[in-house]
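**Q** To convert, take the position in the sequence shown, counting from 1, and add 1; that gives my numbering.
Ideal placement from N, C-alpha and C gives every residue a C-beta, glycine not left out.
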Amino acid sequence: MNEIGAGLRPAAVPDLESIRAQFPILGRPMQGKPLIYLDSAASAQKPRRVVEELRRFYYEDYANIHRGIYELSQRASERHDRSRRRVQAFLGARDWREIVFTRNATEAINLVAYSFLRPMLEPGDEILLTEMEHHANIVPWQLVAAERGAKVVAAPITPEGELDLAQLRARITSRTRMIAVSWVSNVLGTVNPVEEVVDLARRAGVPVLIDAAQAVQHLPVRAAELGCDFLVFSAHKLYGPSGVGVLYGRAERLERMPPWQGGGDMIERVSFEGTTFNDIPFRFEAGTPDIAGICALPEALDFVEEVGLQAIHDHERQLLAAAEEGLRRIPGVHILGRPRRRASVLAFTVDGAHPQDIGMMLDLEGIAIRTGHHCAMPLHARLGLAASARMSVAVYNTREEIETFCAALERIAALVRGSGTEP
Ligand code: PMP
């Protein structure tokens, strides 16, 4: 049995009916059938309270922040500040100044690559990643490495789809300037031992970034306790609005980093002779952000914490175990990886069928899954695949949905076998 978040307290099973009632979109028919949404790893659906807060904010509190002397702008600014403190509490950061709002996790990683790493990179330096990274945690590093004559090195995964810690350790050299690792793989679902990765990095004196885009919605995250230098996530995968991301950075790191993008809000004083910059975190927040999205984010965090990450974790683990069992029984279906700890995600292939065809056939049944390389082409290449199909579960999925999905896939796999297209 896969174990996610070992060591968490047992929790009550969530009241699924009332949880589902908070997501009106789940009641929309697709292809004339009830929607079965198994693509939350790409983006989670939004509970009513998040959408209503967006609406309420626009109707009652909306104005640009940090600039207005009038009451409405001050109200919006105050809400925006409160959101930052709410994210600080959610991530267990020591200081609200360690929370930078970005557009998404991708932008947060780019910010670190360009502002933190680029100025210190020299020819021959190395950036250490893993084979299971999302493109968002590969390409920004490649861009700065190419510019500076540095190189990106990837630590391999084991045949089970786990991070090979010994191999990662072996690849830390005197030229390693950064280690960046995903907490949870968006393809294999592997929960990486980030505590050990951070420990290795700290012992070697190398800064470390944790890509928590697939983690914060499934596991409790305590950034300061973890001891990483940077940690990123996107609100939209955490039942929050799209267009909002978070960079957590230790204050002593952020304080030494130059601005990345220039513009309004990030300055202290501007003249044509020169400009001085604002304090952290504002120095990294040029221009008008998604004010309403940021202000509605606390509703998503409250939702997750009120249901309880432990309860979410237990529920998702049961669904995942049922899906895994169901899929393993279908001839011709192969699940990618067999990690000891898996969160939310199962990727698979079906003999004789292109993943896209599988996705299209499931769609005809109202079942939404993702197909393709899932922005992890190097991982697929490592597995000898061009693409795969991926299902992912969230707090609102039910056991019946998993059974319907498995039954549909069984029919599809039988059809493919019967059509004789099997290699
Ligand atoms: N990292 C991981 C592990 C992801 O799964 C994703 C989204 N699929 C990202 C980073 C990038 O997230 P976003 O597109 O919201 O920036």
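1) Going by DSSP in three states, residue 460 sits in which element: helix, strand or coil?
2) Within the same chain, show all residues whose beta-carbon is closer than 7 angstroms to that of residue 174, passing over the 5 residues directly before and after it, in chain order.
3) Measuring only the C-alpha atoms, how far is residue 19 from residue 398?
4) Would you tell me roughly how many angstroms separate the C-alpha atoms of residue 236 and residue 420, rounded to the nearest one?
5) From residue 263 to residue 145, what does the alpha carbon distance come to, in whole angstroms?
6) With a threshold of 16 other CB atoms inside 10 Å of the CB of residue 11, please say whether the residue is buried or exposed.
7) Please go through the same chain and pick out, in chain order, the residues whose beta-carbon is closer than 6 angstroms to the beta-carbon of residue 85, but skip the five residues on each side of it.
8) Excluding sequence positions up to five away, which residues of its chain have a Cβ less than 7 angstroms from the Cβ of residue 244?
9) In chain order, which continuous runs of the beta strand (DSSP E) of length 3 or greater are located wholly inside the stretch 24-110?
10) Residue 301 and residue 239 - do their beta-carbons sit closer together than 8 angstroms?
11) Is DSSP giving residue 405 helix, strand or coil here?
12) Using a Cβ-Cβ cutoff of less than 6 angstroms, which residues in the same chain neighbour residue 150 once the five nearest sequence positions on both sides are dropped?
13) Run through DSSP, which three-state label would residue 183 get?
14) Please enumerate, following chain order, all residues with a beta carbon closer than 5 angstroms to at least one heavy atom belonging to ligand 1.
15) With H, G and I counted as helix, E and B as strand and the rest as coil, what does DSSP make of residue 316?
16) Taking the straight line between their C-alpha atoms, what separation do you get for residue 39 and residue 273?
17) Excluding sequence positions up to five away, which residues of its chain have a Cβ less than 6 angstroms from the Cβ of residue 317?
18) Closest by CA to residue 189, which one among 338, 119, 168 and 70?
19) Whether or not the stretch 180-188 and the stretch 206-214 are in contact is what I'm after, with contact meaning three or more pairs of Cβ atoms, one per stretch, closer than 8 angstroms; do they touch?
20) Going by DSSP, what residue range makes up the alpha helix (DSSP H) through residue 19?
21) Using a Cβ-Cβ cutoff of less than 6 angstroms, which residues in the same chain neighbour residue 313 once the five nearest sequence positions on both sides are dropped?
22) Distance check for residue 55 and residue 33, CA to CA, integer angstroms please.
23) Can you give me the C-alpha to C-alpha distance between residue 74 and residue 282, rounded to a whole angstrom?
24) For residue 116, which three-state DSSP category applies?
25) How long is the line joining the alpha carbons of residue 404 and residue 327, rounded to whole angstroms?
26) Here's the rule: buried if 16 or more other CB atoms are within 10 angstroms of the residue's CB, otherwise exposed. What is residue 161?
27) For residue 26, which residues of its own chain have a beta-carbon under 6 angstroms away from its beta-carbon, when the five flanking residues on both sides are left out?
28) Looking at the secondary structure, which residues open and close the alpha helix (DSSP H) in which residue 121 lies?
29) Here's a check: name, in chain order, each residue in its chain whose Cβ is nearer than 8 angstroms to the Cβ of residue 424, leaving out the five neighbours to either side.
30) For residue 402, I'd like the list of residues in its chain whose CB is within less than 7 angstroms of its CB, leaving aside the five on either flank, ordered along the chain.
31) Could you give the uninterrupted runs of the alpha helix (DSSP H) lying entirely in the stretch 318-373, keeping only those of 4 residues or more?
32) Using 8 angstroms for Cβ pairs, my map puts residue 371 next to residue 343. What's the rounded Cβ distance?
33) With a floor of 4 residues, list each alpha helix (DSSP H) that falls wholly inside the stretch 216-241, ordered by position along the chain.
34) For residue 121, count the other beta carbons within 10 Å of its own beta carbon; 16 or more makes it buried, fewer makes it exposed. Which is it?
**A** Considering the structure as presented:
1) There is no way to answer for residue 460, as the model of the chain reaches only from 2 to 424.
2) Residue numbering aside, residue 174 sits at position 173 when the sequence shown is read from its first letter. So the list reads 127, once near-sequence residues are dropped.
3) Reading the sequence shown from its first residue, position 18 is the one you call residue 19. Reading the sequence shown from its first residue, position 397 is the one you call residue 398. C-alpha separation (whole angstroms): 12 angstroms.
4) By one-based count along the sequence shown, residue 236 stands at place 235. By one-based count along the sequence shown, residue 420 stands at place 419. So the alpha carbons of these two residues sit roughly 43 angstroms apart.
5) Numbered from its first residue, the sequence shown carries residue 263 at position 262. Numbered from its first residue, the sequence shown carries residue 145 at position 144. Going from the Cα of residue 263 to the Cα of residue 145 covers about 19 angstroms.
6) Translated into the one-based positions of the sequence shown, residue 11 becomes position 10. The pLDDT assigned to residue 11 is 47, lower than 50, so where the model puts this residue is not dependable; a value taken from the coordinates is nonetheless given after this. By the neighbour-count rule (16 or more Cβ atoms within 10 Å), residue 11 is not buried but exposed.
7) Counting from 1 along the sequence shown, the entry for residue 85 is found at position 84. Correct list, in chain order: 97 and 100.
8) The count along the sequence shown starts at 1 and reaches residue 244 at position 243. Taken in chain order, the residues that qualify are 104, 291 and 294.
9) 100-103
10) In the sequence shown, counting from the first residue as 1, residue 239 sits at position 238. In the sequence shown, counting from the first residue as 1, residue 301 sits at position 300. Yes, these two residues count as a Cβ contact at 8 angstroms.
11) Looking up residue 405 in the sequence shown gives position 404. Of the three classes helix, strand and coil, the one that applies to residue 405 here is helix, per DSSP.
12) For the purposes of this step, residue 150 is taken as residue 149 along the sequence shown, with counting starting at 1. Counting only Cβ-Cβ distances below 6 angstroms, and skipping sequence neighbours, we find 124.
13) Taking the sequence shown and counting its residues from 1, one reaches residue 183 at position 182. Of the three classes helix, strand and coil, the one that applies to residue 183 here is strand, per DSSP.
14) 105, 106, 107, 135, 137, 183, 187, 212, 214, 215 and 235
15) Walking along the sequence shown from the start, residue 316 turns up at place 315. Looking at residue 316 - three-state DSSP - the assignment turns out to be helix.
16) Within the sequence shown, numbered from 1, the residue matching residue 39 stands at position 38. Within the sequence shown, numbered from 1, the residue matching residue 273 stands at position 272. Their Cα atoms are separated by approximately 53 angstroms.
17) Taking the first residue of the sequence shown as position 1, residue 317 is located at position 316. 345 and 394.
18) Translated into positions along the sequence shown, residue 189 becomes position 188. For residue 189, the nearest C-alpha among the options comes from 338.
19) yes
20) Looking up residue 19 in the sequence shown gives position 18. Counting along the chain, the alpha helix (DSSP H) containing residue 19 begins and ends at 17-22.
21) Translated into the one-based positions of the sequence shown, residue 313 becomes position 312. The residues are 396.
22) Here the question's residue 33 lines up with position 32 in the sequence shown. Here the question's residue 55 lines up with position 54 in the sequence shown. Spanning the two alpha carbons is a distance of roughly 30 angstroms.
23) As a first step, residue 74 must be located in the sequence shown, where it is residue number 73. As a first step, residue 282 must be located in the sequence shown, where it is residue number 281. Roughly 20 angstroms separates the two Cα atoms.
24) Looking up residue 116 in the sequence shown gives position 115. Of the three classes helix, strand and coil, the one that applies to residue 116 here is helix, per DSSP.
25) For the purposes of this step, residue 404 is taken as the residue at position 403 of the sequence shown. For the purposes of this step, residue 327 is taken as the residue at position 326 of the sequence shown. Residue 404 and residue 327: Cα-Cα distance of roughly 8 angstroms.
26) To locate residue 161, count along the sequence shown from 1; it is residue 160. Exposed: under 16 other Cβ atoms inside 10 Å.
27) Position 25 of the sequence shown, counted from the start, is the residue given in the question as residue 26. Closer than 6 angstroms at the Cβ level, and outside the excluded window around residue 26, lie 46.
28) Position 120 of the sequence shown, counting from 1, holds the residue named residue 121. From DSSP, residue 121 is part of no alpha helix (DSSP H); its letter is neither H nor E.
29) Counted from its first residue, the sequence shown places residue 424 at position 423. Confidence at residue 424 is low in this model, with a pLDDT of 43, below 50, so the placement of that residue should be treated as unreliable; the coordinate-derived value is given next. So the qualifying residues of the chain are 352 and 353.
30) For this step, residue 402 is matched to residue 401 along the sequence shown. 37.
31) 356-364
32) Position 370 of the sequence shown, counted from the start, is the residue given in the question as residue 371. Position 342 of the sequence shown, counted from the start, is the residue given in the question as residue 343. Wrong, their Cβ atoms sit about 16 angstroms apart, outside the cutoff.
33) 224-227
34) The residue labelled residue 121 in the question sits at position 120 within the sequence shown. Answer is exposed; the Cβ neighbour count stays below 16.
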